[in-house]
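All you need for this note's numbering is the position in the sequence shown, starting with 1, plus 17. Idealized CB from N, CA, C, for every residue including glycine. What follows is one structure encoded as structure tokens, with my remarks underneath.
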Amino acid sequence: MLTHNLGYPRIGGNRELKKACENYWSGKITSEELLAIGKELRLKNWKLQQESGIDLIPSNDFSFYDQVLDLSLTVGAVPDRYREIIESKSNSELDHYFAMARGYQKDGFDITAMEMTKWFDTNYHYIVPEFYKNQSFTLKSLKAVNEFVEAKEFGITSKPVLIAPVSYLLLGKEKEEGFHRIELLEKLLPVYLELIGKLVNEGAEWIQFDEPFLALDINETEKNAIAKTYDGIRAEFPHIKILVATYFDGLKDNLSLAVSLPVCALHVDVVRYPEQLQDVLTAIPENLSLSLGVIDGRNIWKNDYKNSLSIIDKAVKVIGKDRILIAPSCSLLHVPCDLENETNEAFLTTEIKTWLSFAKQKLTEVVTLRQLANSENITVAAVALQRNIEDNAKRKKSALIHDDNVKDRVSAITDDTARRKNNFTIRKAFQEQELNLPLYPTTTIGSFPQTTEVRSWRAKVKKDELTKSQYEALLKKETEDTIRFQEEVGLDVLVHGEFERNDMVEYFGEQLDGFVFTQNGWVQSYGSRCVKPPVIFGDVSRPEPMTVFWTKYAQSITDKPVKGMLTGPVTILQWSFVRDDQPRSQTCLQIALAIRDEVADLENAGIKIIQIDEPAIREGLPLRKDEWPQYLDWSIKAFRVSSSVVEDATQIHTHMCYSEFNDIIQDIADMDADVITIECSRSQMELLDAFANFKYPNDIGPGVYDIHSPRVPTKSEMVDLLSKADTLIPSSQLWVNPDCGLKTRHWDETKKALKQMVGAAKAMREKKTAEV
Ligand code: GLN
Ligand code: ZN
18 MLTHNLGYPR
28 IGGNRELKKA
38 CENYWSGKIT
48 SEELLAIGKE
58 LRLKNWKLQQ
68 ESGIDLIPSN
78 DFSFYDQVLD
88 LSLTVGAVPD
98 RYREIIESKS
108 NSELDHYFAM
118 ARGYQKDGFD
128 ITAMEMTKWF
138 DTNYHYIVPE
148 FYKNQSFTLK
158 SLKAVNEFVE
168 AKEFGITSKP
178 VLIAPVSYLL
188 LGKEKEEGFH
198 RIELLEKLLP
208 VYLELIGKLV
218 NEGAEWIQFD
228 EPFLALDINE
238 TEKNAIAKTY
248 DGIRAEFPHI
258 KILVATYFDG
268 LKDNLSLAVS
278 LPVCALHVDV
288 VRYPEQLQDV
298 LTAIPENLSL
308 SLGVIDGRNI
318 WKNDYKNSLS
328 IIDKAVKVIG
338 KDRILIAPSC
348 SLLHVPCDLE
358 NETNEAFLTT
368 EIKTWLSFAK
378 QKLTEVVTLR
388 QLANSENITV
398 AAVALQRNIE
408 DNAKRKKSAL
418 IHDDNVKDRV
428 SAITDDTARR
438 KNNFTIRKAF
448 QEQELNLPLY
458 PTTTIGSFPQ
468 TTEVRSWRAK
478 VKKDELTKSQ
488 YEALLKKETE
498 DTIRFQEEVG
508 LDVLVHGEFE
518 RNDMVEYFGE
528 QLDGFVFTQN
538 GWVQSYGSRC
548 VKPPVIFGDV
558 SRPEPMTVFW
568 TKYAQSITDK
578 PVKGMLTGPV
588 TILQWSFVRD
598 DQPRSQTCLQ
608 IALAIRDEVA
618 DLENAGIKII
628 QIDEPAIREG
638 LPLRKDEWPQ
648 YLDWSIKAFR
658 VSSSVVEDAT
668 QIHTHMCYSE
678 FNDIIQDIAD
688 MDADVITIEC
698 SRSQMELLDA
708 FANFKYPNDI
718 GPGVYDIHSP
728 RVPTKSEMVD
738 LLSKADTLIP
748 SSQLWVNPDC
758 GLKTRHWDET
768 KKALKQMVGA
778 AKAMREKKTA
788 EV
């Protein structure tokens with residue numbers, strides 16, 4: 018029984034790589050210094066894995082920015098627009114690499130970055146490969162070989178990790194018409210063969226091919242391409258041991274393909290999809306080993322050894338110990354580095370800490386499970402098992418986790434809890450009477466510029482350099498200025514500006530019971546950007562109002578309606594580490610009830626419009642389509658539970674910032690928000706088609722101002738966008754607003770842009786009056 022790891026976080030326990038990259042970009046360190054820091058991190062991670070007792074240690078899992086971009090460079094899939102800087106010898110290979118990741122705007126160049134998108138259903142973002150019809154591939158970078166050699170010099174025969182050719186192609190995008198990227202396999206495969214040859218020459222024994230698409234919905238062509246890939250590799254290299262890694266979902270209908278591949282080992286994720294174990298064991302042929310991903314690589318909870326051992330034992334009974342490998346479910350890239358870095362009781366109490374396990378701790382879990390399953394090192398392993406049983410038992414019973422009131426409230430949810438009193442038509446009449454808004458009402462999405470100054474106040478209260486009341490006074494002033502600006506510019510529905518919030522999830526998590534925050538639990542989101550997701554460990558409830566103070570304050574200083582601003586239950590869930598001891602749907606409903614309480618309090622405080630942001634509903638969609646209905650069922654319900662407490666005259670808004678609605682438009686309609694604001698300006702209103710074709714019944718605010726750019730849009734271009742919207746959606750349903758919040762923008766451009774936007778709405782109203 019071997020142990021192995023699929024990948025280790027490269028960012029460093031103190032975000033060393035983040036800091037080094039940023040220092041390099043700002044010219045504070047040289048490329049040699051950056052390369053040295055990279056090497057140091059690799060050696061440190063290898064050493065750690067070696068000391069933990071992992072048998073097969075990954076290499077080529079390191080990256081200065083992103084492993085998919087590394088691969089694009091490896092196979093020479095470099096878009097033409099970078100040729101010029103690559104040919105101009107003035108900068109280094111590293112600069113070309115970062116130019117692809119981040120764009121290049123200096124020395125007279127202005128080259129855009131490659132697109133970035135989410136890595137499956139994680140919060141990691143990769144650089145999307147760009148493919149052209151006449152795409153050619155050549156082995157351009159020997160990173161994988163160099164890192165293998167580096168590990169070898171360090172005394173480790175590592176297991177290089179490569180994204181498999183078909184998964185790599187599927188991760189990319191065609192940049193011109195007339196072909197499908199899967200057709201490029203024939204040209205791509207020889208480059209992989211060349212690379213494998215070099216690894217084999219250097220002494221590689223195992224190679225890990227990540228084939229995550231084997232756990233997704235793929236068509237026959239894609240299945241055939243996968244089969245062809247491994248046949249091709251096997252024909253050329255009969256002796257190399259290949260491990261095919263799947264993760265994030267089950268093999269399901271791809272099982273027979275997966276077990277028929279001519280490889281040595283197949284890795285399956287039995288955390289995410291334990292149901293597949295029996296089928297895999299039934300189907301697996303004699304010459305194939307099975308890697309059991311039993312340790313959760315996506316979450317931070319301590320493993321349940323008893324449960325994992327029962328999985329391993331089950332497999333041992335069918336295929337024997339020798340053909341089993343034990344591993345985390347996926348790369349550990351998605352969890353923070355080291356729980357030992359959490360030393361502050363004010364963040365994580367000792368009790369909660371005993372429930373958790375970060376990357377380093379997960380390595381130990383893998384090794385301990387092997388020892389237990391293999392009866393090695395018995396005395397030590399038995400003690401570890403006993404402790405694990407005790408810790409998990411304590412967690413199960415902890416008073417910190419369980420709140421019967423919350424559980425009772427969730428079980429008492431009925432259809433009525435999740436339904437407004439009357440339908441939209443009736444509500445709309447009440448709301449019109451209450452709010453008396455003009456045609457094409459104008460509003461914003463919530464946040465106003467979070468200047469360095471505003472952020473510095475927060476930092477100062479934390480360091481006790483500002484008292485609470487000083488901080489409050491500063492925020493009041495900022496809020497008041499923002500209200501005055503909105504009045505002056507003529508917006509119809511105002512917001513308070515969200516100056517008191519660091520982040521739209523953290524702000525709520527900090528005030529809810531059942532959440533904790535780590536001090537150092539950083540996870541790479543993209544490039545040098547890291548996030549520190551909140552940890553939902555227990556039943557969620559809201560001890561006190563969270564937003565009423567600031568919303569009420571803002572409303573008290575203006576006669577215009579101020580919109581209360583909340584983050585929705587699905588988004589809070591989606592952007593946190595979620596407890597694994599109950600279904601996500603349960604946790605989501607608990608959060609929904611907490612938000613519902615806040616909605617009720619806002620309404621009682623005289624707030625007439627409340628927005629519940631759900632930018633993460635779409636990204637929460639399961640990877641496999643057959644799992645969509647169940648997810649949509651509970652997630653939409655959770656939103657409705659959070660929003661349905663109000664009277665008909667109170668207007669509920671929701672906001673989403675992405676642009677694909679076609680396949681979930683019915684569910685969006687089922688949310689039954691009175692107004693939905695969406696990102697639209699970059700797609701030039703194209704996405705409104707989904708709403709128009711569907712005859713979306715409620716009000717819509719298609720974004721007319723792209724807030725991702727400092728550019729100030731002109732009134733006439735916004736009038737054009739609105740006129741386009743007007744042909745698709747009845748005017749009585751249309752709102753006028755930016756694409757998203759303005760927190761990343763500067764004040765001067767924000768002011769100018771909103772002035773133009775209000776002007777555009779007025780022009781639309783005049784046009785309408787002239788028509789009548
Ligand atoms: N209300 C939030 C804001 O304006 C919404 C952010 C988001 O959609 N991501 O910042
Ligand atoms: Zn948004």
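State the start and end residues of the unbroken alpha helix (DSSP H) segment that holds residue i.
i                 : result
valine 162        : 160-170
cysteine 38       : 33-42
phenylalanine 711 : 705-711
glycine 793       : In this structure the chain extends from 18 to 789, so residue 793 is not present and cannot be described.
methionine 781    : 764-788
Mind checking whether residue i and residue j have CB atoms under 8 Å apart?
i                 : j              : result
aspartate 2       : tyrosine 322   : Here the chain covers residues 18 to 789 and nothing more, so residue 2 does not appear.
phenylalanine 230 : alanine 262    : no
proline 353       : valine 145     : no
lysine 240        : glutamate 193  : no
leucine 771       : valine 512     : no
phenylalanine 534 : valine 471     : no
aspartate 684     : leucine 649    : yes
leucine 759       : serine 464     : yes
arginine 762      : isoleucine 724 : yes
glycine 24        : valine 178     : yes
cysteine 829      : glutamate 696  : Given a span of 18 to 789 for the chain in the structure shown, any question on residue 829 remains unanswerable.
aspartate 680     : asparagine 715 : no
alanine 161       : leucine 216    : yes
isoleucine 74     : lysine 176     : yes
glycine 30        : asparagine 358 : yes
Between the Cα of residue i and those of the options, spot the shortest distance and give me the residue it belongs to.
i                 : options                        : result
glycine 776       : Lys712, Val721, Tyr41          : Val721
glutamine 701     : Pro730, Leu349, Ser346, Lys480 : Pro730
proline 458       : Thr396, Asp765, Val753         : Val753
arginine 613      : Glu495, Thr434, Lys157, Asn439 : Thr434
arginine 32       : Asp339, Glu110, Gln536         : Gln536
glutamate 167     : Asp112, Leu210, Glu57, Gly93   : Glu57
phenylalanine 171 : Asp650, Asp355, Leu65          : Leu65
cysteine 237      : Ser273, Phe594, Glu222, Glu211 : In the sequence as presented, cysteine is not what sits at residue 237; that position holds glutamate. The candidate whose alpha carbon is nearest that of glutamate 237 is Ser273.
alanine 446       : Pro578, Gln750, Asp520, Arg762 : Gln750
valine 209        : Glu50, Gly337, Leu156, Leu619  : It should be noted that the sequence gives tyrosine, not valine, for residue 209. Closest option to tyrosine 209, Cα to Cα, is Leu156.
lysine 338        : Gly44, Ile746, Pro177, Ile329  : Ile329
histidine 672     : Pro719, Ile608, Lys35          : Pro719
serine 153        : Lys577, Ser175, Lys204, Ile235 : Lys204
threonine 211     : Ala609, Thr588, Asp706, Gly249 : With the sequence shown as reference, residue 211 is identified as glutamate, and threonine is not the correct amino acid for it. That would be Gly249, whose Cα lies nearest to the Cα of glutamate 211.
leucine 452       : Glu68, Ser69, Lys625, Thr47    : Lys625
Do we get a CB-CB distance below 8 Å when we pair residue i with the residues of chain D?
i           : result
glycine 267 : The chain inventory of the structure shown lacks chain D, comprising one protein chain alone.
Since residue i is in the beta strand (DSSP E), which residue starts that stretch and which ends it?
i             : result
glutamine 599 : Element bounds for glutamine 599: n/a, residue is neither H nor E.
serine 659    : No beta strand (DSSP E) contains serine 659, which is instead part of the alpha helix (DSSP H) from 645-660.
tyrosine 543  : 540-543
serine 308    : 306-312
tyrosine 722  : Note, tyrosine 722: premise wrong, no beta strand (DSSP E); not H, not E.
glycine 758   : Glycine 758 -> no beta strand (DSSP E), and no H or E assigned at all.
glycine 531   : 530-533
So, is residue i buried or exposed, given that buried needs 16 or more other C-beta atoms within 10 angstroms?
i             : result
histidine 284 : buried
histidine 14  : The shown model of the chain, from 18 to 789, leaves out residue 14, and the question about it has no answer.
alanine 53    : exposed
proline 302   : exposed
lysine 654    : buried
glutamate 788 : exposed
glutamate 164 : buried
threonine 499 : buried
threonine 496 : buried
glutamate 615 : buried
Looking at C-beta atoms only, is the number of pairs between the stretch 436-444 and the stretch 662-675 that lie closer than 8 Å three or more?
yes
With three or more beta-carbon pairs closer than 8 Å as the criterion, would you say the stretch 382-393 touches the stretch 549-569?
no
Taking one C-beta from the stretch 402-410 and one from the stretch 422-432 each time, how about it: are there three or more such pairs within less than 8 Å?
no
Between the stretch 573-582 and the stretch 551-560, are three or more C-beta pairs nearer than 8 Å?
no
Three-pair Cβ contact test at 8 Å for the stretch 598-606 versus the stretch 566-576:
no
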